[in-house]
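Q: What follows is a structure written as structure tokens; I'll ask about it next.
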Amino acid sequence: MGEYDGKPADAVQVRVWDRPLRLFHWALVICLAGSWITGDQGMMEWHERFGLTALALVVFRLIWGFVGGEFARFSSFVRGPGAVIGYLRETLAGRHPEYPGHNPLGALAVLALLLLVGTQAVLGLFANDDILYEGPLYHLVGSSLSGTLTGLHHQIFDILLIAVIVHVVAVIVYMLFLGDDLILPMITGLKRMPTKDAPSGVRRTPWWVALAILVVCAAGAYGITLLA
Ligand code: HEM
Ligand code: HEM
Numbered sequence: 040m041g042e043y044d045g046k047p048a049d050a051v052q053v054r055v056w057d058r059p060l061r062l063f064h065w066a067l068v069i070c071l072a073g074s075w076i077t078g079d080q081g082m083m084e085w086h087e088r089f090g091l092t093a094l095a096l097v098v099f100r101l102i103w104g105f106v107g108g109e110f111a112r113f114s115s116f117v118r119g120p121g122a123v124i125g126y127l128r129e130t131l132a133g134r135h136p137e138y139p140g141h142n143p144l145g146a147l148a149v150l151a152l153l154l155l156v157g158t159q160a161v162l163g164l165f166a167n168d169d170i171l172y173e174g175p176l177y178h179l180v181g182s183s184l185s186g187t188l189t190g191l192h193h194q195i196f197d198i199l200l201i202a203v204i205v206h207v208v209a210v211i212v213y214m215l216f217l218g219d220d221l222i223l224p225m226i227t228g229l230k231r232m233p234t235k236d237a238p239s240g241v242r243r244t245p246w247w248v249a250l251a252i253l254v255v256c257a258a259g260a261y262g263i264t265l266l267a
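Okay, here's the thing in structure tokens:
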């Protein structure tokens, strides 16, 4: 809880991350770990399953960013460069402002991670392993271009790995140096905030909307395999 030293009654629990967003996050972590291991081991059938699931999750998240709960929406956390610089200045001056949702700097990380995972998964569709496996959309690009895209699939993975390490280190820095535990809210959905900073009401979207979007995204990902 930061440097907040008011009476406990001055703090409230705010439901910041809705359940679909939390499930999305931890499922994505599992899919990336699964993609890494299976890619490394050449288990391409499972690599495709984990990778396509990651793709479906990212598309789901992009849609949820427009129709999901209050703090899942891009409009609630994506800010211009001015806000990012202002946030950095305040934090470095020892006045770390706490946000109910993503802070302006974290918002950039969110977009970068989504972009990298999405790009990585799309490249995989066109990749091949030089042995037996061809991605489901390999036939659209042919052997030579597929080779190039496979090279990119390897390179983007290295960038993605660095981004994930930065992401996790940042979360740990917030916990250790800014006294701001972001991990528990990503598990429980609840963030403890000073009453004066807490939003008065948090708009929610019913769970079945998330389920419907997810079903469409999963069907789309499965549909891609039928194009092979
Ligand atoms: C975000 C999800 C994905 C991640 C993180 C990922 C990661 C990786 C990594 C790390 C490798 C290199 C393995 C190695 O050589 O040691 C790899 C290889 C490969 N991936 Fe993915 N991948 C993803 C999605 C996909 C998808 C959706 C497909 C196809 C449907 C795919 C197809 C391939 C192929 C064909 C290779 C073999 C390349 C080669 O042997 O040179 N990937 N992937
Ligand atoms: C493959 C690895 C990971 C990826 C791709 C990833 C990706 C993301 C993304 C896209 C978000 C934004 C959430 C959203 O608005 O949808 C996020 C947030 C978050 N992630 Fe991860 N994540 C990874 C691993 C982890 C791990 C291992 C931890 C725990 C130590 C973690 C902790 C968090 C936390 C606490 C937030 C919320 C940050 C905030 O309050 O602004 N992530 N992550």
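For the sequence shown, position 9 matches number 48 in this note's numbering, and the numbering has no gaps at all.
The beta carbon of each residue, even a glycine, is placed where N, CA and C say it ideally should be.
Does DSSP put M232 in a helix, a strand or coil?
A: Strand, per DSSP.
Q: Using a Cβ-Cβ distance under 8 angstroms, would L184 count as near chain C?
A: No chain C appears in the structure shown, which is made up of a single protein chain.
Q: Mind reading off the beta-carbon distance from A146 to V117? Whole number of angstroms is fine, and I expect it under 8 angstroms.
A: Indeed they touch by this definition, with Cβ atoms about 5 angstroms apart.
Q: With respect to 7 angstroms, is the separation between the Cβ of Q194 and the closest non-hydrogen atom of ligand 1 below this value?
A: Result no, Cβ not under 7 angstroms from ligand 1.
Q: For E109, count neighbouring Cβ atoms within 10 angstroms of its own Cβ and tell me buried if that reaches 16, exposed if not.
A: Buried, since its Cβ has 16 or more Cβ neighbours within 10 Å.
Q: What's the gap between the Cα of G174 and the Cα of L215?
A: Each residue's Cα considered, the two are about 43 angstroms apart.
Q: For ligand 2, any of its heavy atoms closer than 7 angstroms to the Cβ of G90?
A: No - ligand 2 has no heavy atom lying nearer than 7 angstroms to the Cβ of G90.
Q: For K235, count neighbouring C-beta atoms within 10 Å of its own C-beta (all shown protein chains included) and say buried if the count is 16 or more, exposed if not.
A: Exposed: under 16 other Cβ atoms inside 10 Å.
Q: Take the Cβ of D197 as the centre, count every other Cβ of all protein chains shown within 10 Å, and call the residue buried at 16 or more, exposed below.
A: Its Cβ having fewer than 16 others within 10 Å, D197 is exposed.
Q: When burial is assigned at 16 or more other CB atoms within 10 Å of the CB, is V106 buried or exposed?
A: The residue is exposed, with fewer than 16 neighbouring Cβ atoms inside 10 Å.
Q: Are L91 and I252 closer than 8 angstroms when you measure CB to CB?
A: Cβ atoms of L91 and I252: not closer than 8 angstroms.
Q: Distance check for I170 and H141, CA to CA, integer angstroms please.
A: For H141 and I170, the distance between alpha carbons rounds to 43 angstroms.
Q: Between the beta-carbon of T189 and the beta-carbon of A209, is there less than 8 angstroms?
A: Not closer than 8 angstroms, so no.
Q: Which value, in whole angstroms, describes the spacing of the CA atoms of L153 and V97?
A: Between L153 and V97, the C-alpha separation is close to 6 angstroms.
Q: May I ask you to report which of helix, strand or coil DSSP gives E173?
A: Residue state, collapsed to three classes: strand.
Q: Whose CA, out of D219, L266, G259 and A249, lies closest to the CA of Y4?
A: Missing from the structure shown is residue 4; the chain here goes from 40 to 267 and no further.
Q: Does the beta-carbon of S182 have 16 or more other beta-carbons within 10 angstroms, so that it is buried, or is it exposed?
A: With fewer than 16 Cβ atoms within 10 Å of its Cβ, S182 is classed as exposed.
Q: Assess contact between the segment 223-232 and the segment 48-63, defined as three or more Cβ pairs (one per stretch) separated by less than 8 angstroms. Is contact present?
A: The answer is yes - the segment 48-63 touches the segment 223-232, with three or more Cβ pairs under 8 angstroms.
Q: Quick one, which of R112, V156, L164 and H192 has its alpha-carbon nearest A260's?
A: Closest option to A260, Cα to Cα, is L164.
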